[in-house]
Every structure is written in C-alpha cells, then in structure tokens.
Amino acid sequence: MTQTLRIMKFGGTSVGDGECIQRAADIVVAAASDGPLVVVVSAMSGVTNRLIAAAHESAKGDAGVADALKATLGQQHQTAADLLVKDPEKRAALVTELEKIIDEAAGLCRGTALLRELTPRALDSISSSGERLSARLLAQALQESGVNGVAVEATELIVTDDVAGRAEPLMNETRERATARLSQLLEERAVPVVTGFIGATLEGKLTTLGRGGSDYSATILGAALDASEVIIWTDVDGVLTADPRLVPDARTLPEISYNEAAELAYFGAKVLHPKTLRPVSEAGIPVWIRNSFSPEKAGTQITSTGHPTARGVKAITAISDVSLITVGGRGIVGLPGIAGKTFTAVADAKANVLLISQSSSENDICFVINSVDSTRTISELRRAFAFHLAHKEVEHITINSEIAIVAAVGDRMRGMTGIAGRIFSVLGQRNINIIAIAQGSSEFNVSFVVEAGSMREAVRSLHREFGLHERAERIE
Ligand code: ADP
Ligand code: ASP
Ligand code: MG
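Under the working numbering, the residue at position 184 of the sequence shown is numbered 338, and the numbers go up by one with no gaps.
If you want it as structure tokens, here you go:
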C-alpha cells in the first residue's frame with residue numbers, strides 16, 4: 155500500500171464528548187490534506203468500563219441493568235451527535251445507527267441476565283460496542299467538515315486467534331484483509347475510521363485485544379498497511395519521565411526507543427498498551443504519542459535508536475494491583491524442578507509473570523503477577539505442590555497483595571555501574587523497604603517490589619535522584 159499512509163489513533167479522552175470528537179475531527183481534517191490516513195478510535199472514555207460492569211451485573215440475574223445501560227449510553231451518544239451533526243436528517247440517521255448498536259449490547263445483557271452466565275464471547279461483544287459507536291460519531295463529524303469519513307468495523311480488517319478477551323493478531327491474514335478492504339476507500343480519498351480494540355477470528359467471530367488495546371490496533375494496522383508512521387493521540391503531551399498523576403513535575407521525553415517504550419508500557423505506563431510496539435519495531439515504523447488537547451506540541455517520537463542522553467535512567471514507572479507470591483521452605487534447597495513446577499503451575503493458571511526473584515539461599519521463589527490472576531494461580535500452585543506440602547518440603551505458598559512494582563528504565567543503563575546502588579541508597583534514606591528485586595530482567599530496567607503504600611514516594615524520590623525533572627542533553 156502507499157508509502158505515505160499514516161495511522162492516527164484517538165484514545166478515550168480524546169473522543170470523550172462531542173467537543174473532543176470535534177477536536178479529533180479537526181486534527182484529522184488538517185492531516186487529510188497531506189496524504190492518506192487511516193483513523194483508529196477508542197470508545198468514549200468511561201464507556202468500556204460501563205459496558206463491562208453492565209455485563210457482569212447482568213450475570214447476577216438483574217435484567218434492569220440492560221435498560222439502565224441503554225438509557226445512559228443513548229443519552230451520552232445522542233448529546234455528542236447533537237453537537238456534531240447540524241443537518242436534522244443526517245443526525246437522525248446517525249442516531250438510529252447508534253441506537254441499533256446500543257440495543258444489541260442491551261439485548262446481550264438481557265440474555266446474560268436470563269442465563270445468569272456471562273460467556274467470554276458475550277463479554278467481548280458487549281464490551282466492543284463503545285468503539286462501534288464512537289467510530290460512527292467521528293466518521294460523521296468528518297463528513298460535516300467535508301472529509302469522507304467512513305466507519306469501518308475492525309472485524310473486517312484485523313484477523314486474530316480465538317482467545318476471547320486478549321486475542322493476538324494473525325499478521326499475514328490481517329495484511330491481506332486490511333489491504334483488500336481499505337485500498338479502494340483510500341484510492342477514493344476516503345478516511346476509514348476503524349473501531350479500535352476489536353478483531354475477529356478467520357471465521358468471523360468477534361474478539362477483543364485486551365483493555366487499552368486500541369493502541370495495539372493502531373500499530374497492527376500500521377504494520378499490516380506498511381504505514382510511514384503511527385500517531386497515537388491521547389490526553390498527555392507524550393511519554394513522560396513518570397506518570398504525571400504520581401509525579402507532577404514529570405517531563406515529556408522528546409524521543410525514546412522501542413525498547414524503552416516497551417519496558418515502560420510493560421511496567422505500568424498506561425499511556426501505551428504493553429504490546430503496542432511489537433508490530434512496528436521490526437519494520438522501524440515510528441510511533442508518535444501526542445496530545446489531542448494541545449496538537450501544537452511535538453509529542454514523543456518512538457524510534458529504533460531513541461534519543462540517547464548521558465543519563466542512564468530515562469523514566470520511572472510503577473504498577474499497582476499486583477500480588478507477590480512466594481513458594482518456600484527449607485526443604486526446597488537443592489530440590490530439583492521446584493522452579494519448573496512453580497512456573498508450569500503459573501502458566502496453567504494463565505497468569506502473566508511480571509517479575510521473578512529468587513534469594514541466593516534458595517529458600518524462596520517469589521514472583522509477581524496481576525492481582526486478578528492470583529486466586530487461580532494460588533489454587534494451581536497448591537494442586538501442583540500437594541505432595542511436597544504434605545511432606546513439608548514446601549512449607550508455604552503465600553500471597554501479598556499490598557505491593558507495587560517500581561521500575562527505572564533507560565537504554566543506556568546497560569553497562570552503567572552504580573545505578574542499582576543509587577536506587578537502593580535513595581530508597582534506604584527514605585525508609586522504603588525493598589521486598590524483592592527482579593532477577594534476570596532486561597538490561598534496560600531495574601525493577602523491584604515495594605509496599606503499595608510506598609509506591610508514590612519511591613517513584614518521586616527516584617525521579618528526583620536521577621534529575622528527571624530537568625531537561626536532558628542529547629548525546630550522539
Ligand atoms: P487513552 O485513553 O488516550 O488511551 P490512557 O488513559 O490509556 O489514554 O493513557 C494516558 C494516561 O497514561 C495519561 O493520562 C497518564 O495519566 C498515564 N500515564 C502513566 N504513565 C505515563 C507516562 N510515563 N507518560 C505519560 N502518561 C502516563
Ligand atoms: N475502549 C477499550 C478500553 O477501554 C480500548 C482502549 O481504550 O484502548 O479498554
Ligand atoms: Mg489507552
């Protein structure tokens with residue numbers, strides 16, 4: 155496909171209400187005169203949460219939830235349509251289309267309430283409604299400005315495996331389908347507005363890519379269509395040296411590498427879905443993070459080389475809602491296969507391990523997973539170690555959910571001595587207890603576990619220690 159094609163993705167707050175959608179449309183209209191564009195859109199902010207909550211509430215047998223959902227979503231999207239579309243006939247046609255999608259979601263909630271069971275498929279379908287609504291609003295807003303915006307369902311473009319709730323793309327099939335479906339539209343100078351977050355199996359069954367997955371949709375399409383760049387429009391000026399909600403004087407990083415961005419996303423920088431860089435890094439397609447509320451700002455560019463600075467640490471990040479699980483006991487010293495058995499059990503529980511740490515005495519193996527996976531993981535571990543527990547070789551399997559992971563990230567940390575020492579002495583001065591340190595993590599980060607209540611203080615003190623509130627000079 156054409157070399158100059160750009161992908162622009164707008165996140166939930168960037169399409170949060172009618173005014174925001176208008177602002178997004180203005181950005182697209184201005185860019186559309188410079189060459190072909192494919193737009194990817196998230197649901198209006200809060201909508202996916204509301205849909206998922208309604209699905210779970212319905213599963214408890216409450217049929218009234220569907221009506222309440224219909225009323226709130228109807229009102230929210232109608233208000234946006236009123237602001238965006240002047241012509242009464244066009245507005246009525248749009249609202250009819252929106253109502254149809256809302257009715258479908260409400261119908262699935264009603265069915266769920268009747269069955270008192272929420273299947274993963276039903277949850278995927280219900281939670282995908284937000285993007286189907288916002289894509290139509292933005293496409294119509296573009297039409298109002300004289301650009302031929304066309305809402306396109308990602309089920310027709312992104313082919314995935316069959317894993318509900320966190321599907322993975324099949325890139326060859328996606329490339330074929332997306333090219334076939336979009337070529338004609340792009341030749342006609344239309345601007346496809348694609349539903350983020352959604353895909354479909356080869357057989358056409360709807361899937362979703364996981365929470366926050368619209369970023370991933372954008373880079374999947376960027377790679378599939380050989381785009382020249384992917385621009386992710388959000389509500390902050392770019393990738394910052396820390397989450398601005400934790401560190402008010404965090405600064406925007408002008409350029410970072412794919413590795414750095416991937417580490418930051420993996421260790422909690424919500425600004426990017428953790429898998430965002432996977433499809434584009436090999437092809438070297440640059441990704442921009444920009445603020446749709448301040449489009450005059452340059453944002454952050456993510457490239458192969460990044461923007462090397464003399465300082466090793468570029469950003470500090472943190473994840474909460476995680477749990478530390480410890481498998482331990484004197485009997486496991488020298489006992490072969492304990493680590494293997496532990497992580498097989500974790501894999502059987504389908505939990506993603508964020509950090510692993512083993513003390514040199516080998517009395518304990520500890521690792522961190524997302525708290526949502528902890529109950530399942532603990533029962534798998536108890537099952538796998540039933541024999542060892544009975545024979546006291548494994549003495550305990552414990553869980554601590556009052557923790558957070560903090561990570562310092564930077565490409566040039568590799569081979570730099572003293573960074574870990576500085577981290578630990580700063581935390582020591584602040585009386586912040588380090589519960590565990592990652593072992594064998596990538597060379598681009600140092601990550602460790604602290605008590606949840608110390609997370610903010612740990613991030614702030616490290617941010618200051620490494621001077622991240624000050625501008626960094628670029629080195630070549
Ligand atoms: P969108 O709806 O556009 O996808 P998200 O809410 O998913 O936006 O991500 C943007 C948010 O990520 C920001 O508002 C910010 O609070 C948070 N964030 C966390 N860490 C960082 C960071 N290092 N740099 C920028 N933003 C961050
Ligand atoms: N709307 C989806 C979510 O809230 C996807 C996204 O916003 O990226 O998770
Ligand atoms: Mg997001």
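Every residue gets a Cβ at the ideal spot worked out from N, C-alpha and C, and that includes glycine.
Taking 3 residues as the minimum length, the beta strand (DSSP E) runs contained wholly in the stretch 366 to 395 are 383 to 388, in order along the chain. Here the alpha carbons of Leu-418 and Val-600 stand approximately 11 angstroms from one another.
In the structure shown, Phe-521 adopts extended strand secondary structure according to DSSP, grouped into three states. Annotation for Arg-399 indicates a beta carbon within 7 angstroms of some heavy atom of the ligand ADP. Across the set Pro-490, Thr-552, Ala-606, Val-563, the C-alpha of Val-563 shows the shortest separation from the C-alpha of Thr-463.
Taken from the Cβ of Ala-423, at least one heavy atom of the ligand ADP lies inside 7 angstroms.
Phe-421 counts as buried, since at least 16 other C-beta atoms from the protein chains shown sit within 10 angstroms of its C-beta. Using a Cβ distance threshold of 8 angstroms, Ala-185 and Leu-191 count as a contacting pair. Counting only runs of 4+ residues, the alpha helix (DSSP H) found wholly inside the stretch 180 to 214 occupies 201 to 213, in chain order. When the beta-carbon positions are compared, Val-306 and Val-249 stay at least 8 angstroms from each other. With a beta-carbon spacing of about 5 angstroms, Ser-288 and Ala-197 fall inside the 8 angstroms limit used to define contacts.
The alpha helix (DSSP H) runs lying completely inside the stretch 446 to 533 and spanning 4 residues or more are 492 to 502, given in chain order. Counting only residues of its own chain and dropping the five nearest sequence neighbours on each side, Leu-489 has a CB closer than 7 angstroms to the CB of Glu-547. Annotation for Glu-605: the continuous beta strand (DSSP E) segment containing it runs 599 to 605. Burial state of Gln-229 is exposed, judged by a 10 Å Cβ sphere holding fewer than 16 other Cβ atoms. With a cutoff of 7 angstroms, Arg-320 does not count as near the ligand ASP, since its C-beta is closer than that to no heavy atom of the ligand. Distances from the alpha-carbon of Ile-312 to those of Lys-359, Val-301, Leu-269 put Lys-359 closest. Judged by the Cβ position, Gly-170 fails to qualify as a neighbour of the ligand MG at the 7 angstroms threshold, every heavy atom of the ligand being at least this far.
A check of alpha carbon separations from Val-393 across Glu-383, Leu-375, Lys-451 identifies Lys-451 as the nearest. Taking 8 angstroms as the cut-off, the Cβ atoms of Val-304 and Leu-339 count as close. A distance criterion of 7 angstroms places the beta-carbon of Ala-197 in contact range of the ligand ASP, judged by its closest non-hydrogen atom. Ordered along the chain, residues surrounding the ligand MG are Gly-165, Gly-366, Asp-369 [Cβ under 6 angstroms from any heavy atom].
Taking a contact as a CB-CB distance under 8 angstroms, the pair Ala-318 and Asp-278 counts as one, their CB atoms being some 5 angstroms apart. Taken in chain order, the unbroken stretches of alpha helix (DSSP H) that lie wholly in the stretch 525 to 589 and span 4 residues or more are 528 to 538, 540 to 544, 573 to 583.
For Thr-406, the pairing in a beta bridge is given by DSSP as Leu-394. Membership of Val-434 in the alpha helix (DSSP H) is indicated by the continuous run 432 to 435.
In the same chain as Met-609, and ignoring 5 residues on each side of it, the C-beta atoms closer than 7 angstroms to its own belong to Ala-472, Ser-474, Ala-558, Val-560, in chain order. Here the distance from the Cβ of Asp-221 to the nearest heavy atom of the ligand ADP is not below 7 angstroms. Straight through space, the alpha carbons of Thr-457 and Arg-566 are spaced by roughly 15 angstroms.
In the structure shown, the three-state DSSP call for Pro-440 is coil. Taking the C-beta atoms as reference points, Ile-280 is found nearer than 8 angstroms to Leu-205. By alpha-carbon distance to Ile-386, the top candidate from Ala-396, Ile-374, Asp-397, Thr-395 is Ile-374. If the five residues before and after Thr-529 are omitted, its C-beta is found closer than 6 angstroms to no C-beta atom of its own chain. The beta carbon of Ala-469 sits closer than 7 angstroms to at least one heavy atom of the ligand ADP. Of all C-beta pairs linking the stretch 534 to 542 to the stretch 576 to 585, fewer than three are shorter than 8 angstroms, placing the two stretches out of contact.
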